[in-house]
Amino acid sequence: MLVKMMKFINLFLLLLGSLNCVNVQAQKITSVENIRDSVHAYRVLNERKIIKDFVELLSLPNIANNLSNIGRNADHIIQLLESRGFSTERLTAGGAPYIFAELQGNENNETILIYAHYDGQPVLEENWKYLPFTPTVLDAALDSGGQPVDWQSDEQTIDPEWRLYGRSASDDKMPIIALIHALDALNANGIPLSVNLKLLLDGEEEKGSPTVGQILQNHSDLLGSDLLLFCDGPMHQSRRLQLVFGVRGDTGVDITAYGATRPLHSGHYGNWAPNPIMQLSYLLTTMRDETGYISIDGYYDDVIPLSNLERTAIFDMPTLDESLKHELSVHTPEGDGMRLEELITLPAINARGFIAGGVAEKGRNIIVSTATVSLDLRLVPEQTPKQVRSLIESHIVDQGFFIVHEKPTPELLRTREKIVKLDWRGGYPAYRTAIDHPVAQRLKNILTVMAPDLLLTPTMGGSLPLYEFGTRLTAPIIILPLANHDNNQHAENENIRLANVWDAIAIYAIILATYGNSS
């Protein structure tokens with residue numbers, strides 16, 4: 040009888056515990072939903088104010104190599120932050136300023152450090168439909184026939200499918216605007232932060248963040264946190280919310296080949312004079328094939344295979360190759376049939392530009408004296424810029440070239456059959472956080488409440504200086520990309536879809552209000 044009673048009591052306690060777990064989970068869901076609804080209500084009332092703040096920030100030219108303009112951007116952003124209670128500080132190490140900002144709450148709270156950047160890529164204004172620093176709102180994407188719309192008129196109902204066009208609209212001023220309005224929304228609804236908040240806003244990311252290592256070295260105590268969120272990059276093409284756990288590293292090299300010391304008539308000297316354009320063309324085809332496979336000896340030796348967990352995460356992502364082929368008018372992608380999400384976990388060599396002679400109305404019947412190709416080299420974990428440089432230079436020598444790193448003299452050109460000058464562009468290695476890291480699981484649990492189909496992605500295709508952070512700070516690093524995938528970042532007609540801005544505001548608010556209460 041006693042045994043039966045004990046079994047009954049144990050069963051009762053087990054059921055009670057299960058009900059308590061369900062109730063706690065229900066409370067968490069209600070909390071997240073309440074925050075989302077409150078933020079939504081704030082946003083609906085303040086949409087024009089949000090767009091106005093965004094337009095003002097985008098109107099400031101921010102090309103990375105113009106320090107005067109970068110300084111004006113920093114002044115404007117600091118004003119936005121300080122008016123919301125942040126303490127701020129400019130951090131410099133010989134380059135553009137980094138903005139450090141802190142919103143201190145309870146000293147016992149955990150701390151989230153958010154990274155974004157406010158500088159932008161160079162622009163060729165003649166290629167833009169609307170001027171890059173005159174932000175313009177269209178009623179649809181430009182390639183879908185979008186037309187300018189008067190977003191300031193109260194007679195217009197703001198459509199989340201509208202697009203805001205301007206340099207850095209998506210890369211990477213959007214997180215700054217979304218974050219300050221997430222804080223405004225929480226404050227307007229009396230919702231406290233569950234964490235202490237720190238920001239590090241980079242003013243030289245589009246130049247490769249050349250001084251970020253020194254910044255981190257000098258201020259590691261200032262930048263301490265429990266979680267580092269990198270807010271940069273486009274989200275998945277499916278528009279599903281996504282957490283990304285790594286990036287490829289990056290370095291670059293410009294290769295210049297040489298012919299005669301002056302341009303030569305192609306009729307009089309063709310078939311005799313060395314042609315630098317053809318020399319580079321032949322060299323490039325020895326470095327990689329049509330599928331993108333790199334044929335340089337040893338290039339894949341240090342590549343670590345994906346773990347089973349990472350492969351499973353990729354397998355669980357929607358396959359969009361066919362829709363992308365249609366959207367981008369591509370018949371046969373590179374990769375020999377491998378899906379995009381797996382290809383971006385591999386190294387890549389891409390030609391990003393070629394300077395040699397002219398074409399169309401600028402074409403001349405000459406054999407040019409020099410030709411230069413610029414290569415973008417994407418790295419994966421365990422590869423380093425130094426190792427890649429050694430492999431590439433050895434390969435070029437094996438192809439019969441003599442390498443220099445300064446402009447060759449006429450005398451040297453006379454004594455060597457084939458000469459190339461290499462200009463290396465620095466860079467940094469790849470970085471990846473474990474998908475099953477406990478902090479990652481907490482963030483995943485929060486976001487899954489509002490996005491049950493949340494995607495987990497081992498590596499982003501682009502590059503960010505995560506390695507510099509990961510080797511100097513102790514917090515796990517997770518990327519939270521929120522821009523639309525078709526944003527034209529780095530190119531003409533860069534844009535952001537308003538729905539992505541609205542979503543970003545809600546997501547930042549929910550993380551800041553709940554992360555410190557999660558477990």
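Its first residue numbered 40, the sequence shown is counted upward by one per residue in our numbering. In this text, a Cβ means the ideal position worked out from N, Cα and C, and glycines have one as well. Because the structure is a prediction, the values reported are computed rather than measured.
Check residue i in the structure and name its three-state DSSP category.
i           : result
residue 413 : strand
residue 321 : helix
residue 3   : The structure shown does not extend to residue 3, since the chain is modelled only from 40 through 558, so no value can be given for it.
residue 500 : strand
residue 443 : strand
residue 531 : coil
residue 214 : helix
residue 487 : helix
residue 518 : strand
residue 237 : strand
residue 548 : helix
residue 304 : strand
residue 126 : strand
residue 74  : helix
residue 168 : coil
residue 199 : coil
residue 539 : helix
residue 344 : coil
residue 141 : strand
Compute the beta-carbon to beta-carbon distance between residue i and residue j, rounded to the nearest angstrom, for a pair I have assumed lies under 8 angstroms.
i           : j           : result
residue 89  : residue 230 : Between residue 230 and residue 89 the Cβ distance is about 18 angstroms, and since that is not below 8 angstroms, they are no contact.
residue 563 : residue 493 : Any question about residue 563 goes unanswered here, given that the chain covers just 40 to 558.
residue 292 : residue 422 : Not a contact, Cβ separation roughly 15 angstroms.
residue 129 : residue 113 : 7 angstroms
residue 312 : residue 406 : 5 angstroms
residue 518 : residue 269 : 4 angstroms
residue 240 : residue 116 : 6 angstroms
residue 338 : residue 408 : Between residue 408 and residue 338 the Cβ distance is about 31 angstroms, and since that is not below 8 angstroms, they are no contact.
Nearest-angstrom Cα distance between residue i and residue j?
i           : j           : result
residue 104 : residue 353 : 37 angstroms
residue 179 : residue 186 : 7 angstroms
residue 320 : residue 304 : 20 angstroms
residue 100 : residue 203 : 16 angstroms
residue 49  : residue 419 : Confidence at residue 49 is low in this model, with a pLDDT of 47, below 50, so the placement of that residue should be treated as unreliable; the coordinate-derived value is given next. Taking the straight line from one Cα to the other gives about 52 angstroms.
residue 127 : residue 260 : 15 angstroms
residue 264 : residue 237 : 8 angstroms
residue 466 : residue 370 : 33 angstroms
residue 474 : residue 331 : 27 angstroms
residue 267 : residue 395 : 44 angstroms
residue 24  : residue 72  : In the structure as shown, the chain begins at 40 and stops at 558. Residue 24 is therefore absent and cannot be evaluated.
residue 437 : residue 284 : 37 angstroms
residue 410 : residue 299 : 12 angstroms
residue 182 : residue 336 : 42 angstroms
residue 247 : residue 367 : 28 angstroms
residue 516 : residue 504 : 11 angstroms
residue 322 : residue 295 : 11 angstroms
residue 171 : residue 157 : 15 angstroms
residue 168 : residue 317 : 35 angstroms
residue 360 : residue 144 : 45 angstroms
residue 429 : residue 554 : 44 angstroms
residue 301 : residue 120 : 56 angstroms
residue 308 : residue 449 : 19 angstroms
residue 207 : residue 463 : 26 angstroms
residue 345 : residue 431 : 24 angstroms
residue 153 : residue 194 : 37 angstroms
Closer than 6 angstroms by C-beta to residue i: which residues in its own chain qualify, once you throw out the five before and the five after it? Chain order, please.
i           : result
residue 125 : 140, 142
residue 380 : 353, 356
residue 190 : 90, 176
residue 373 : 330, 331
residue 536 : 202, 523
residue 413 : 293, 391, 392
residue 95  : none
residue 528 : 209, 210
Grab me the residues of residue i's own chain with a C-beta within less than 7 angstroms of its C-beta, minus the 5 sequence neighbours each way, in chain order.
i           : result
residue 132 : 250, 253, 254, 257
residue 54  : Its pLDDT being 42, under 50, residue 54 is placed unreliably in this model, and the coordinates cannot settle the point.
residue 471 : 284, 285, 420, 497, 498
residue 502 : 286, 287, 288, 289, 417
Looking only at its chain, what residues have a beta carbon closer than 8 angstroms to the beta carbon of residue i, apart from the 5 residues adjacent to it on each side?
i           : result
residue 173 : 98, 205
residue 334 : 325, 326, 327, 328
residue 404 : 304, 305, 306
residue 82  : 89, 220, 224, 541, 544, 545
residue 506 : 288, 467, 468, 469, 470
Exercise for review: Would you check if the segment 540-553 and the segment 218-228 touch, i.e. whether three or more CB-CB distances between them fall below 8 angstroms?
Suggested key: yes
Check your understanding: Hey, is the segment 379-393 in contact with the segment 326-337, meaning 3+ C-beta pairs nearer than 8 angstroms?
Key -> The segment 379-393 is in contact with the segment 326-337.
Check your understanding: How about the segment 272-281 and the segment 475-494: do they share at least three Cβ pairs that are nearer than 8 angstroms?
Key -> Remark: three or more beta-carbon pairs, one from each stretch, lie closer than 8 angstroms, so the segment 272-281 and the segment 475-494 are flagged as touching.
**Study point:** the segment 474-485 / the segment 444-451 touching (three or more Cβ pairs under 8 angstroms)
**Key:** no
Check your understanding: Counting Cβ pairs closer than 8 angstroms, one from the segment 455-465 and one from the segment 495-513, do we hit at least three?
Key -> no
Check your understanding: For the 8 angstroms Cβ check, are there 3 or more pairs between the segment 513-524 and the segment 210-217?
Key -> yes
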